[in-house]
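S.K.: Residue numbers (my numbering), protein chains in the order written: chain A, 17 to 251; chain B, 17 to 251. C-beta atoms are modelled at their ideal positions from N, C-alpha and C, and glycine is treated no differently. Pasting a structure here, questions to come.
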DNA sequence: TTTCAGTCATGACTTATATCATTTTAATTT
DNA sequence: AAATTAAAATGATATAAGTCATGACTGAAA
């Protein structure tokens with residue numbers, strides 16, 4: 017399943033302004049390049065599992081992944097996505113806990129695995145890197161707090177509208193407004209925190225109201241302002 | 017409103033194994049002691065407000081506070097509590113964002129305010145302190161992820177049972193099982209993410225089933241195992 | 001291209017929980 | 001201690017959203 021392709025160098029990532037590696041010096045980048053292991057993961061494969069301990073974290077070189085928790089009856093609650101440039105699995109090693117989510121590949125991915133001891137060394141020796149990592153964790157915590165309030169207080173309708181906008185912001189749209197991620201209705205429901213049929217019905221309503229267009233799994237956002245109003249977002 | 021009492025030294029806090037200050041050297045503790053400002057906050061007062069920027073964080077010397085987000089119609093969603101030894105408000109300065117919650121005093125509190133530049137200096141110069149801060153943030157993120165799944169998937173009944181157990185773990189019980197925190201039914205509802213009446217009804221049911229005893233605002237947990245079963249917790 | 005498994009769509013019905021209204025009780029203020 | 005305010009309790013009703021069932025459609029595999 018996993019075979020080794022072109023091994024991307026961390027300079028390539030470091031050049032992307034959104035990654036945590038831009039704070040690193042050349043010898044630090046060299047160390048990571050030496051220590052890391054890159055693998056291809058096929059769509060559908062599990063990278064790490066909730067409840068397991070890992071001894072490193074993953075950097076997404078390409079592809080898209082979902083991170084979810086599994087409830088009592090096996091139903092998923094998607095917590096977050098990871099795409100090119102993002103890191104995954106760092107929370108559990110930093111807190112010394114088991115993974116609190118499962119990471120599953122939505123689109124074929126190339127991931128670099130970096131051992132935790134490398135991460136701890138970097139935290140110890142490069143305070144700018146530490147600061148970047150803290151910022152990233154703190155930002156994610158802010159997102160999670162907002163998510164808690166949304167699920168507790170907003171209607172499913174409001175939440176679906178907001179999730180569609182979030183997907184636009186995270187993955188972009190093409191020129192005709194089509195979201196650049198391919199999700200089943202069930203997966204959408206697992207983000208919103210509702211039943212699949214409820215999502216299907218609301219998508220149908222949004223389509224009738226000319227807010228979106230549907231074409232198979234493709235969703236085009238036609239009226240972003242309208243979706244913002246429905247979602248009760250303050251911007 | 018705020019007047020200055022006995023100013024607690026940070027050594028006193030550092031001696032408590034649960035605080036982030038145990039990683040600090042004596043000169044660092046001296047710097048904090050020099051920079052900090054301690055104040056008494058009366059029950060009901062607001063320490064910081066969602067959406068505002070603060071230029072420091074708070075250390076709880078005594079008292080209990082709730083941190084909550086406010087929804088569209090002004091309804092609160094309580095995200096977390098802070099008690100003696102905890103820190104608050106650090107997430108927003110670390111992420112460079114505005115505060116994502118409001119902090120309100122539940123029981124008269126003494127708080128020390130520490131300027132953010134002091135925090136940033138410590139992160140820069142003491143990697144053990146950095147690591148402790150990352151761990152704390154990462155742990156809180158794990159809690160938040162779990163909370164998201166609970167609200168999305170568990171019934172109100174299950175969630176209330178779990179919240180009661182969480183309050184026991186956070187604030188302890190006295191010898192007769194009475195939770196050592198005093199919350200209105202509305203506040204319980206704002207943790208669970210439901211209507212006040214629903215909480216009242218379920219508390220009444222739990223009382224009838226001999227799981228808890230009620231005496232005014234006091235709640236005694238009589239059958240912890242029973243509550244665990246109802247909450248569908250895996251331990 | 002055909003087959004088949006998985007997903008989407010829809011209708012009917014059920015249920016968990018919210019809202020509304022009112023009375024009672026507890027906590028706080030004077 | 002009395003008065004006032006806030007909170008708790010309860011009943012009735014409404015509603016958002018979940019579940020179940022079934023047929024249609026899509027995408028992947030052969």
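Just to confirm my understanding: we take residue 144(A), look at its own chain, exclude 5 residues before and 5 after, and list those with CB closer than 6 Å. What are they?
M.R.: So the qualifying residues of the chain are 39.
S.K.: State the beta-bridge partners of residue 205(A) as determined by DSSP.
M.R.: DSSP lists no partner for residue 205(A).
S.K.: Taking only three categories from DSSP, how would you classify residue 113(B)?
M.R.: If DSSP states are grouped into helix, strand and coil, residue 113(B) belongs with coil.
S.K.: Output the boundary residues of the beta strand (DSSP E) element that contains residue 124(A).
M.R.: Note, residue 124(A): beta strand (DSSP E), 118-131.
S.K.: Please state whether the Cβ-Cβ distance between residue 42(A) and residue 132(A) is less than 8 Å.
M.R.: Contact flag unset, no.
S.K.: Once DSSP output is grouped into helix, strand and coil, what is the label at residue 66(B)?
M.R.: In this structure, residue 66(B) counts as coil in the three-state DSSP scheme.
S.K.: Taking all protein chains shown into account, do 16 or more other C-beta atoms lie within 10 angstroms of the C-beta of residue 57(A), making it buried, or fewer, making it exposed?
M.R.: With 16 or more other Cβ atoms within 10 Å, it is buried.
S.K.: Measure the alpha-carbon distance for residue 79(B) versus residue 199(A) and round it to whole angstroms.
M.R.: Cα to Cα, residue 79(B) sits roughly 47 Å from residue 199(A).
S.K.: By Cβ distance below 7 Å, which residues in the same chain neighbour residue 66(A) in space, the five residues on each side in sequence not counted?
M.R.: These residues qualify, in order along the chain: 85, 86, 115, 116, 117, 118.
S.K.: Using the three-state DSSP reduction, which class does residue 246(A) fall into: helix, strand or coil?
M.R.: The answer is helix: DSSP assigns residue 246(A) an H, G or I state.
S.K.: Report, in whole angstroms, the separation of the C-beta atoms of residue 157(A) and residue 236(B), which I expect to be a contact under 8 Å.
M.R.: Residue 157(A) to residue 236(B), Cβ: 33 Å. No contact.
S.K.: Closer than 7 Å between beta carbons: that is the criterion. Which residues of the stretch 54-81 of chain B meet it against chain A?
M.R.: Hits within the stretch: zero.
S.K.: Check whether chain A comes within 8 Å of residue 242(B), counting only Cβ atoms and requiring the distance to be less than that.
M.R.: Chain A contact via Cβ: absent.
S.K.: Curious, which full-length alpha helix (DSSP H) runs of at least 4 residues does the stretch 177-226 of chain B contain?
M.R.: List check, alpha helix (DSSP H) in window: 201-208, 212-224.
S.K.: Is residue 224(B) near residue 91(A), with beta carbons less than 8 Å apart?
M.R.: Contact flag unset, no.
S.K.: Kindly give me the distance between the Cβ atoms of residue 73(A) and residue 135(A), rounded to whole angstroms, as I take these residues to be in contact under 8 Å.
M.R.: About 6 Å separates the two Cβ atoms, so the contact holds.
S.K.: Which residues bound the beta strand (DSSP E) around residue 53(A)?
M.R.: From DSSP, the beta strand (DSSP E) with residue 53(A) extends over 53-57.
S.K.: Should residue 202(A) be labelled buried (16 or more other beta-carbon atoms within 10 Å of its own) or exposed?
M.R.: The residue is exposed, with fewer than 16 neighbouring Cβ atoms inside 10 Å.
S.K.: Could you tell me the boundaries of the beta strand (DSSP E) in which residue 96(B) lies?
M.R.: Where residue 96(B) is concerned, the enclosing beta strand (DSSP E) stretches over 92-99.
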